[in-house]
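Structure, as structure tokens:
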Amino acid sequence: MMKLYHLLLTLLFTSTVFSQIIDSTEIQAEEILNEIVEESYDETDNSDLYNTIEELLLNPIDLNSADVFELQKIPGVDLNVADIILSYRNRFGPFYSVNELYSMRELNRDLINKIIPFLKTEKSYFTKDSLNVENSFMEESFIPSHLKLQLRSRIGNDLQTRKGFEEGIYVGNKLRAYNRIILKYSKYIQAGILFDKDAGENSFNDFNSFHLNIKDYGLLNNLVLGDYVLEFGQGLMLWSPYSFSKGSDAIFPVKRNGKTVKPYTSSTEYDFMRGGASKIDYSDFSLTAFYSSKKIDANIDSTTNKITSTPKTGLFLTENDLRKKNRVTENIFGGRISYKFQNYLKVGLSGYNSKFSNEFEPSSIYDLKGDNFRYYSFDYDINISIINLFGEFVYNETSVANLNGIILTPIKNFTITTSIRSYPHNFTNLHGFAFGEQSGKTSNEFGIYYGIKWRNYFGLVNFYYDQFMFPYATFENPVPSSGDEIYLSYSNKFLGNNNLYLRFKSERKDISENSGELKSVYKRIRNSYRAELTYDISNKLRMKSRIEFNTFRIDEVDINEKGLLVFQDLRYVLTKSLLIYSRIIFFDTDSFNSAVYEFENDLTGVLTNLAVYDSGMRWYIMLRYKPIEFLTLSMKYAETYKPNVKTLSSGNNLINNNIDNRITLQLDVNY
């Protein structure tokens, strides 16, 4: 009887899903990332975050074996959602299909739509022979090949020539190139290699990365040889060179949910390990050991032979850049032991030693000094009914940095979080990326974060307030400084998949400004207002309209600027194999201070937050063509035009024109 019940659920909800247009992996990754990272004020390449989401989509979590900690790695899944899923599994037995989630009244349908792409049922409990069900209704209706190939090749070119190329300052040509191959044998073995070249670099393998990964073989949970990253605790001691920060989801970015050890597949050229790492599981304990020996970029004083700085750009465009490349060797070894008690408790003790081939020359008393550094960490994750407590403490033989937080779900669809972070001024971190105001830097910061996420009959509300201070001087400010940030958004789906999104964000922060011959610290106030409407014209055409207005003020020096952005976006499924994206953007700002930031659709694996400023327009068109099941061809052409200026950008990137345009081509093979 129970099996019949599950079968009926599977057929019902599978047929519901099949009646809709199912987005591809690329579309799902783009939409999820836009929600999480759209609030950044940094014009940076966020492609690493795309890789994080894409990895989860390509390696979904098994509903029938996942515990509460593993489920929380999925964006949008907190303790309450994970408990609902596990309670259902404990009551009715293993899941036959991920679509059974739709039968849970405690879960909102929009939430289910967002998390289903990250989930799977590892074992099929239905067969065509035993239940006489057509294969099209089954999730695992075919036997996959033991060997899988993932190939991504991308090439791009700026059509305008920048000053660095015209005057021979850059050592290479204008082409950008990216090539990555990943081979998987069954679900246990993976090998990958990556080559990357930036515009202006002189070699098509200016950066290369490689790995061999073996998983779930006896006691061996994970083994990586080659390039890898470590994700422990809340990221205060060891983490990837990227992670999510404050965004439109007020809850998800606050708590880190890492993978301990994972192969490195990114093109970011710093803050990863090169060597070997292994994780072994025995009963409720896990033991991790790792070793790394890697060259890093550095500026070295020719007199003292000491390190004066370690630039993290990954760009080697000039002869001066090349002199910094791979100047120093860093050797790392360490380990971690963790214990997990069912779905209630997870604790870990970690430590590592880092030895450099050259000593650091500190520019201030709080900078790195010497050539040998040690770190020790304790982290915890505790679930008590509707309460999730988490945190980490790290000691660097000088001071203790810590982050502690609580996530509480007192009633259905209402979640609250509070997080307190304390990173002392004399705490210097080499390989962490923790939550905070300084893009992962865990030094000289104290902050308190409050967040609320409320999903109700009228829509979804996200609110956060973050208050922070820097007790000692920073690179930007010569004296202690502080600030705060407030965010409020409302979104509501109506008439099918149409969605209204309203957002207000305000940031107040101390910054340094020249006042006569003196440099003084003033309070900068930046407010942003956004209204966005996403609507379906048909089941093939989706439109998005946005208007955004912001203000930039420094009252003490009488600076008062404004910025405006309006765009119209479309996604059109021309045929079953051809998808078209296009957007036209009009903008008008007083200067770069009042720039408006926008994430835009890009080629698979690329995610860039672009700042538009001055007056002008930008437009792009992107095609994604899938002639056969395992092959995808993509192309993007983008152009920015500013009629009121004669040149764009500055320095070696100067363009003697008021147009900046680029074309990029990509090939993806998944076989």
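When the letters of the sequence shown are read in order and numbered with mature numbering (1 follows the signal peptide of the UniProt record, and there is no 0), they come out as residues -19 to -1, 1 to 652. Positions of the beta carbon are idealized from the N, C-alpha and C atoms, including for glycine.
Extent of the continuous beta strand (DSSP E) to which residue i belongs
{"i": "Leu206", "result": "201 to 212"}
{"i": "Leu92", "result": "No beta strand (DSSP E) holds Leu92; the alpha helix (DSSP H) holding it covers 90 to 96."}
{"i": "Asp68", "result": "What sits at residue 68 in the sequence shown is Ser, not Asp. Per DSSP, Ser68 belongs to no beta strand (DSSP E); it is in the alpha helix (DSSP H), 60 to 73."}
{"i": "Gly145", "result": "Segment 144 to 147 is the alpha helix (DSSP H) holding Gly145; no beta strand (DSSP E) there."}
{"i": "Leu303", "result": "Unbroken run through Leu303 is the alpha helix (DSSP H), 300 to 305; no beta strand (DSSP E)."}
{"i": "Phe266", "result": "266 to 277"}
{"i": "Glu581", "result": "Per DSSP, Glu581 belongs to no beta strand (DSSP E) and is neither H nor E."}
{"i": "Val309", "result": "309 to 322"}
{"i": "Ala258", "result": "254 to 263"}
{"i": "Ile150", "result": "First-last for Ile150: undefined, no H or E at that position."}
{"i": "Val79", "result": "No beta strand (DSSP E) holds Val79; DSSP gives it neither H nor E."}
{"i": "Ile288", "result": "288 to 290"}
{"i": "Ala592", "result": "590 to 593"}
{"i": "Pro244", "result": "241 to 244"}
Sequence-distant residues of its chain with Cβ nearer than 6 Å to residue i (five each side left out)
{"i": "Leu546", "result": "Glu529, Phe568, Val577"}
{"i": "Ile397", "result": "Leu389, Ile433"}
{"i": "Glu87", "result": "Ile65"}
{"i": "Lys321", "result": "Asp265, Lys327"}
{"i": "Lys54", "result": "Asn238"}
{"i": "Ala279", "result": "Ile288, Thr291, Arg308, Val309"}
{"i": "Asn203", "result": "Lys196, Val242, Lys260"}
{"i": "Ile387", "result": "Leu370, Thr399"}
{"i": "Phe233", "result": "Pro56"}
{"i": "Asp465", "result": "Gln448, Arg489"}
{"i": "Arg507", "result": "Glu488, Phe533"}
{"i": "Leu132", "result": "Ile162, Val650"}
Alpha helix (DSSP H) segment containing residue i, residue limits
{"i": "Thr33", "result": "28 to 39"}
{"i": "Phe50", "result": "49 to 52"}
Beta-carbon spacing of residue i, residue j below 7 Å
{"i": "Ser380", "j": "Phe213", "result": "no"}
{"i": "Val650", "j": "Leu604", "result": "no"}
{"i": "Gly295", "j": "Ser273", "result": "no"}
{"i": "Pro98", "j": "Leu30", "result": "no"}
{"i": "Asn307", "j": "Lys276", "result": "yes"}
{"i": "Leu60", "j": "Asn369", "result": "yes"}
{"i": "Arg317", "j": "Asn334", "result": "no"}
{"i": "Phe408", "j": "Asn377", "result": "yes"}
{"i": "Asp179", "j": "Pro222", "result": "no"}
{"i": "residue 669", "j": "Ser462", "result": "The question about residue 669 has no answer, for the chain in this structure spans -19 to 652."}
{"i": "Arg157", "j": "Leu175", "result": "no"}
{"i": "Asn425", "j": "Tyr453", "result": "yes"}
{"i": "Tyr553", "j": "Leu522", "result": "yes"}
{"i": "Val79", "j": "Ala63", "result": "no"}
{"i": "Glu537", "j": "Ser575", "result": "no"}
{"i": "Gly207", "j": "Phe191", "result": "yes"}
{"i": "Asp43", "j": "Glu103", "result": "yes"}
{"i": "Ile565", "j": "Trp600", "result": "yes"}
{"i": "Arg484", "j": "Ser501", "result": "no"}
{"i": "Gly351", "j": "Glu340", "result": "yes"}
{"i": "Asn364", "j": "Tyr325", "result": "yes"}
Own chain residues within Cβ distance below 8 Å of residue i, not counting five before or after
{"i": "Asn642", "result": "Asp139, Leu140, Gln141, Tyr618, Ala619, Glu620, Thr621"}
{"i": "Ser184", "result": "Gly153, Lys178"}
{"i": "Asn189", "result": "Ile174, Leu175, Phe176, Asp177"}
DSSP beta-bridge partners of residue i
{"i": "Lys129", "result": "Lys165"}
{"i": "Phe548", "result": "Arg527, Ile566"}
{"i": "Phe533", "result": "Arg507, Glu542"}
{"i": "Gln647", "result": "Arg135, Ser615"}
{"i": "Tyr446", "result": "Tyr431, Ile467"}
{"i": "Arg599", "result": "Ile566, Thr621"}
{"i": "residue 660", "result": "Because the chain here runs from -19 to 652, residue 660 falls outside it and cannot be looked at."}
{"i": "Ser190", "result": "Leu175"}
{"i": "Ser462", "result": "Phe451"}
{"i": "Tyr325", "result": "Beta-bridge pairing links Tyr325 to no other residue."}
{"i": "His412", "result": "Leu219"}
{"i": "Ala158", "result": "Ile136, Lys178"}
{"i": "Asn642", "result": "Glu620"}
Nonlocal neighbours in the same chain, by C-beta distance under 7 Å from residue i, ignoring five residues either side
{"i": "Lys557", "result": "none"}
{"i": "Glu457", "result": "Ile492, Ser493"}
{"i": "Leu635", "result": "Arg143, Lys144, Thr628"}
{"i": "Lys623", "result": "Asp595, Ser596, Gly597, Leu629, Asn639"}
{"i": "Ser366", "result": "none"}
Contact test: residue i Cβ vs the ligand FAD heavy atom, cutoff 6 Å
{"i": "Lys168", "result": "The ligand FAD is absent from the structure shown, which contains no ligands of any kind."}
**OP:** Within the region 468 to 524, note down every full alpha helix (DSSP H) run reaching 4 residues or more, in order along the chain.
**Re:** none
Subject >> Every unbroken alpha helix (DSSP H) within the region 327 to 395, with a cutoff of 4 residues, ordered by chain >> reply: none
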